[in-house]
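Asks:
Protein chains: 2
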Amino acid sequence: MIRYPNGKLYEKKQSITPRKSENLTYSNRGMTLEDDLNETNLYYLEKGIAVIHKKPTPVQIVDVHYPRRSAAVIKEAYFKQSSTTDYNGVYRGKYIDFEAKETKNKTSFPLQNFHDHQIEHMKNVLEQGGICFVIISAFHKVYFIEARILFTFWKRKEDGGRKSMTIQELEENGHLISLGYQPRIDYIKVIDKLYFNQ
Amino acid sequence: MIRYPNGKLYEKKQSITPRKSENLTYSNRGMTLEDDLNETNLYYLEKGIAVIHKKPTPVQIVDVHYPRRSAAVIKEAYFKQSSTTDYNGVYRGKYIDFEAKETKNKTSFPLQNFHDHQIEHMKNVLEQGGICFVIISAFHKVYFIEARILFTFWKRKEDGGRKSMTIQELEENGHLISLGYQPRIDYIKVIDKLYFNQ
Chain A
-2 MIRYPNGKLY
8 EKKQSITPRK
18 SENLTYSNRG
28 MTLEDDLNET
38 NLYYLEKGIA
48 VIHKKPTPVQ
58 IVDVHYPRRS
68 AAVIKEAYFK
78 QSSTTDYNGV
88 YRGKYIDFEA
98 KETKNKTSFP
108 LQNFHDHQIE
118 HMKNVLEQGG
128 ICFVIISAFH
138 KVYFIEARIL
148 FTFWKRKEDG
158 GRKSMTIQEL
168 EENGHLISLG
178 YQPRIDYIKV
188 IDKLYFNQ
Chain B
-2 MIRYPNGKLY
8 EKKQSITPRK
18 SENLTYSNRG
28 MTLEDDLNET
38 NLYYLEKGIA
48 VIHKKPTPVQ
58 IVDVHYPRRS
68 AAVIKEAYFK
78 QSSTTDYNGV
88 YRGKYIDFEA
98 KETKNKTSFP
108 LQNFHDHQIE
118 HMKNVLEQGG
128 ICFVIISAFH
138 KVYFIEARIL
148 FTFWKRKEDG
158 GRKSMTIQEL
168 EENGHLISLG
178 YQPRIDYIKV
188 IDKLYFNQ
């Protein structure tokens, strides 16, 4: 039985996403990286540490029915590609922005997990002085990669080089995030170290 | 014919939202406050002034079909109440967060336009040092109200007082946003004045 810090019982919500389930890859606990990040963000919120939310999945709504005496029902809609990253919020007044990805690969992380719009968005965020990074779950570890570092590997791909980051490159260029019970994926610790000298 | 700063032709996108259309109220130009804010944010983005986006409408997806050879179709979904505000992003490294509302009322702005979760979210943002406000379109003007000011009127309502802000209260406690062609709703100007002493 799992309880939140406020004593409320944790009930796993069912969610349907356009991506294929990668539960078993990520942790063998039946939890996705997204689930764990949502719990981490809830922990940060309830402890007053940071206010960071996942954005809703963008959906193009085509047809809505309005039955009498009940809520509007969306009868036709499609998943849209996001033009930004999935997570953002505020920590110590600073703007925080990140994307999270997991891979089943055993030897490398494919960069095609990101798309051009997201890279463009990350560049815009850095230009505005925001803190921007990606969280990558791979090889049973979770890495924190600063956006400016990701860009160098993205550029290598754009220039015709390899289309992925190897394990060794992740190890050398990323920061391991400590995993735990609460918070599960303590990425704020890395932010403290990198951007607040703590 | 309207063109964006980059020369691209402006094509009005059709969007379906759970709210009733209030086009005529807002400006008699067939544009909603949301349309104008989206264009303003696009202008800020393309000029490198700020990176601020509207979050996607939150939707609870219940049933998805996966037809062969074509994209997944959402066949049943419902609009969800958001637990945050609609707009956020980064300006000069600072976290920016706001909600936008319009009213048809001629003498007051009803506070029930906001819900408890949003007020709670705004308080959390202020505690983390973010810049938080609401943009209210009323009486043919557009006002910028700082969240900390809104809270005093929200508290009056919670304490059993009036459930709206009068024209006079909006005039005295809000900052008029200058409206124009590009950007249409130049709220960054108010942010500069209030938070960057410019």
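Just so you know, the protein sequences line up as chains A and B, in that order.
All residue numbers for the first sequence refer to our numbering, where the first residue is -2 and numbers rise by one.
All residue numbers for the second sequence refer to our numbering, where the first residue is -2 and numbers rise by one.
We treat Cβ as the ideally placed atom computed from N, Cα and C, and that holds for glycine.
Keep in mind it's a predicted model, so treat the numbers as computed, not measured.
#1: In chain A, which residues lie with their C-beta within 8 Å of the C-beta of B:VAL70?
#2: Would you tell me roughly how many angstroms separate the C-alpha atoms of A:ASP156 and A:GLN109, rounded to the nearest one?
#3: With distances taken Cα to Cα, identify the nearest neighbour of A:ALA97 among A:GLN179, A:ASN35, A:ASN194 and A:THR163.
#4: Quick check: is the beta carbon of A:GLN125 nearer than 7 Å to any beta carbon in chain B?
#5: Tell me, to the nearest whole angstrom, how far the beta carbon of B:LYS77 is from that of B:VAL59; I am working on the premise that it is less than 8 Å.
#6: So what's B:MET162 in DSSP terms, helix, strand or just coil?
#7: Run through DSSP, which three-state label would B:THR22 get?
#8: Would you please verify whether the beta carbon of A:THR29 is less than 7 Å from any beta carbon of chain B?
#9: With a threshold of 6 Å on Cβ separation, who are the neighbours of B:TYR63 within its own chain once the five nearest residues in sequence on each side are excluded?
#10: Could you spell out where the alpha helix (DSSP H) holding A:ASN121 opens and where it closes?
#11: What number of angstroms, rounded off, separates the C-alpha of A:LYS120 from the C-alpha of B:TYR40?
#12: Output the distance between the C-alpha atoms of B:VAL122 and B:ILE128, rounded to the nearest integer angstrom.
#13: Return the bridge partner residues of A:PHE148 from the DSSP annotation.
#14: Output the distance between the C-alpha atoms of B:LYS154 and A:ARG65, rounded to the nearest integer angstrom.
#15: Need the endpoints of the beta strand (DSSP E) that B:LYS190 sits in, please.
#16: Tell me whether A:SER134 counts as near the ligand NAD, meaning its Cβ is closer than 6 Å to at least one heavy atom of that ligand.
#17: Please list the terminal residues of the continuous alpha helix (DSSP H) segment that includes A:TYR178.
#18: Give me whichever residues DSSP pairs with B:PHE95 in a beta bridge.
#19: Can you tell me whether DSSP reads A:GLN57 as helix, strand or coil?
#20: Would you report the Cα separation of A:ASN25 and A:LEU42, rounded to the nearest angstrom?
#21: I need the straight-line Cα distance from A:ASP32 to A:PRO180, nearest angstrom please.
#22: Are any of the Cβ atoms in chain A nearer than 7 Å to that of B:ASN244?
#23: What are the residues of the region 80 to 93 of chain A that lie near chain B, defined by any Cβ-Cβ distance shorter than 8 Å?
#24: With DSSP as the reference, please indicate the residues paired to B:LYS52 in a beta bridge.
#25: Can you say whether A:TYR184 is buried or exposed, counting buried as having 16 or more other CB atoms within 10 angstroms of its CB?
#26: To which residues of the same chain is A:TYR23 closer than 7 Å at the C-beta, ignoring the five residues directly before and after it?
#27: Using a Cβ cut-off of 9 Å, pull out every chain B residue sitting near A:GLY45, in sequence order please.
#28: Quick one: is A:PRO55 near chain B, going by C-beta distance under 7 Å?
#29: Which residue wins for smallest C-alpha separation from A:PHE193, given the options A:LYS72, A:GLY90, A:LYS103 and A:THR54?
#30: Let's test the definition: count the other Cβ atoms within 10 Å of the Cβ of B:LYS190 and tell me whether it reaches 16, buried, or not, exposed.
#31: Could you spell out the range, first to last residue, of the beta strand (DSSP E) harbouring A:TYR40?
#32: Quick check: what's the CA-CA separation for B:THR37 versus B:ILE182?
#33: Span of the beta strand (DSSP E) holding A:PHE76?
#34: Enumerate in chain order the residues of its own chain whose CB-to-CB distance from B:GLY86 is below 7 Å, with the five nearest sequence positions on each side excluded.
Replies: Looking at the atomic coordinates:
#1: Here residue 70 of chain B refers to the residue found at position 73 of the second sequence. Within 8 Å Cβ-Cβ: GLU73, ALA74 and TYR75.
#2: The residue labelled residue 156 of chain A in the question sits at position 159 within the first sequence. The residue labelled residue 109 of chain A in the question sits at position 112 within the first sequence. Rounded to whole angstroms, the separation of the alpha carbons of A:GLN109 and A:ASP156 is 14 Å.
#3: Position 100 of the first sequence, counted from the start, is the residue given in the question as residue 97 of chain A. A check of alpha carbon separations from A:ALA97 across A:GLN179, A:ASN35, A:ASN194 and A:THR163 identifies A:ASN35 as the nearest.
#4: Counting from one through the first sequence, the residue named residue 125 of chain A turns up at place 128. So yes, A:GLN125 belongs to the interface.
#5: The residue given as residue 77 of chain B occupies position 80 in the second sequence. The residue given as residue 59 of chain B occupies position 62 in the second sequence. Incorrect: roughly 11 Å between the Cβ atoms, too far for contact.
#6: Working through the second sequence from its first residue, we reach residue 162 of chain B at position 165. If DSSP states are grouped into helix, strand and coil, B:MET162 belongs with the strands.
#7: One-based indexing of the second sequence puts residue 22 of chain B at position 25. Model confidence at B:THR22 stands at a pLDDT of 45, short of 50, so the residue's coordinates are unreliable and nothing is read from them.
#8: For the purposes of this step, residue 29 of chain A is taken as the residue at position 32 of the first sequence. It does not: the Cβ of A:THR29 has no partner Cβ on chain B nearer than 7 Å.
#9: For this step, residue 63 of chain B is matched to residue 66 along the second sequence. Here the set comprises ALA69.
#10: Taking the first residue of the first sequence as 1, we reach residue 121 of chain A at position 124. That run of the alpha helix (DSSP H) goes 113 to 124.
#11: Here the question's residue 120 of chain A lines up with position 123 in the first sequence. Here the question's residue 40 of chain B lines up with position 43 in the second sequence. Between the C-alpha atoms of A:LYS120 and B:TYR40 there is a straight-line separation of about 17 Å.
#12: Within the second sequence, numbered from 1, the residue matching residue 122 of chain B stands at position 125. Within the second sequence, numbered from 1, the residue matching residue 128 of chain B stands at position 131. Those two C-alpha atoms are separated by around 7 Å.
#13: As a working mapping, residue 148 of chain A is identified with position 151 in the first sequence. Partner(s): none; A:PHE148 has no beta bridge.
#14: Against the second sequence, residue 154 of chain B aligns to sequence position 157. Against the first sequence, residue 65 of chain A aligns to sequence position 68. Take the alpha-carbon of B:LYS154 and the one of A:ARG65: they are about 32 Å apart.
#15: For the purposes of this step, residue 190 of chain B is taken as residue 193 along the second sequence, with counting starting at 1. It is not in any beta strand (DSSP E) - B:LYS190 instead sits in the alpha helix (DSSP H) that spans 184 to 192.
#16: Inclusion of the ligand NAD in the displayed structure is not the case, the ligand content being empty and no account of it being possible.
#17: Residue numbering aside, residue 178 of chain A sits at position 181 when the first sequence is read from its first letter. For A:TYR178, there is no enclosing alpha helix (DSSP H), since its DSSP letter is neither H nor E.
#18: Here residue 95 of chain B is taken as the residue at index 98 of the second sequence, counted from 1. According to DSSP, B:PHE95 bridges with B:TYR84 and B:PHE130.
#19: Taking the first residue of the first sequence as 1, we reach residue 57 of chain A at position 60. Secondary structure of A:GLN57 (DSSP, three-state): strand.
#20: Here residue 25 of chain A is taken as the residue at index 28 of the first sequence, counted from 1. Here residue 42 of chain A is taken as the residue at index 45 of the first sequence, counted from 1. For A:ASN25, the pLDDT reaches just 48, beneath the cut-off of 50, and the residue's location in the model is therefore unreliable, leaving the point undetermined.
#21: In the first sequence, the residue the question calls residue 32 of chain A occupies position 35. In the first sequence, the residue the question calls residue 180 of chain A occupies position 183. Their backbone Cα atoms lie some 12 Å apart in a straight line.
#22: With chain B covering only -2 through 195, there is no way to say anything about residue 244 of chain B.
#23: Listed by position, the residues of the region 80 to 93 of chain A near chain B (Cβ gap below 8 Å) are SER80, THR81, ASN85, GLY86, VAL87, TYR88, ARG89, GLY90, LYS91, TYR92 and ILE93.
#24: The count along the second sequence starts at 1 and reaches residue 52 of chain B at position 55. Under DSSP, B:LYS52 forms no beta bridge with any residue.
#25: By 1-based counting over the first sequence, the position of residue 184 of chain A is 187. Here A:TYR184 is buried, its C-beta having at least 16 other C-beta atoms within 10 Å.
#26: Locating residue 23 of chain A in the first sequence gives position 26, counting from the first residue. Note on A:TYR23: pLDDT 49, under 50, position unreliable in the model; the coordinate value appears next. If you ignore the 5 residues before and after A:TYR23, its C-beta comes within less than 7 Å of the C-beta of THR29, LEU30, GLU99 and SER134, all in its own chain and listed in chain order.
#27: By 1-based counting over the first sequence, the position of residue 45 of chain A is 48. By Cβ distance, chain B contributes ASN121, GLU124 and GLN125.
#28: As a first step, residue 55 of chain A must be located in the first sequence, where it is residue number 58. Residue contact with chain B for A:PRO55: present (Cβ-Cβ distance below 7 Å to some residue of chain B).
#29: Numbered from 1 along the first sequence, position 196 holds the residue referred to as residue 193 of chain A. Taking only the C-alpha atoms, the option nearest A:PHE193 is A:GLY90.
#30: Taking the first residue of the second sequence as 1, we reach residue 190 of chain B at position 193. It counts as exposed.
#31: Residue numbering aside, residue 40 of chain A sits at position 43 when the first sequence is read from its first letter. Premise fails: A:TYR40 lies in the alpha helix (DSSP H), 30 to 43, not in any beta strand (DSSP E).
#32: The residue given as residue 37 of chain B occupies position 40 in the second sequence. The residue given as residue 182 of chain B occupies position 185 in the second sequence. If you draw a straight line from the Cα of B:THR37 to the Cα of B:ILE182, it comes to about 6 Å.
#33: Start at 1 with the first residue of the first sequence, and residue 76 of chain A comes out as number 79. Boundaries of the beta strand (DSSP E) harbouring A:PHE76: 70 to 76, taken from the DSSP string.
#34: The residue given as residue 86 of chain B occupies position 89 in the second sequence. Here the set comprises ALA47, VAL48, ILE49, HIS50 and ILE93.
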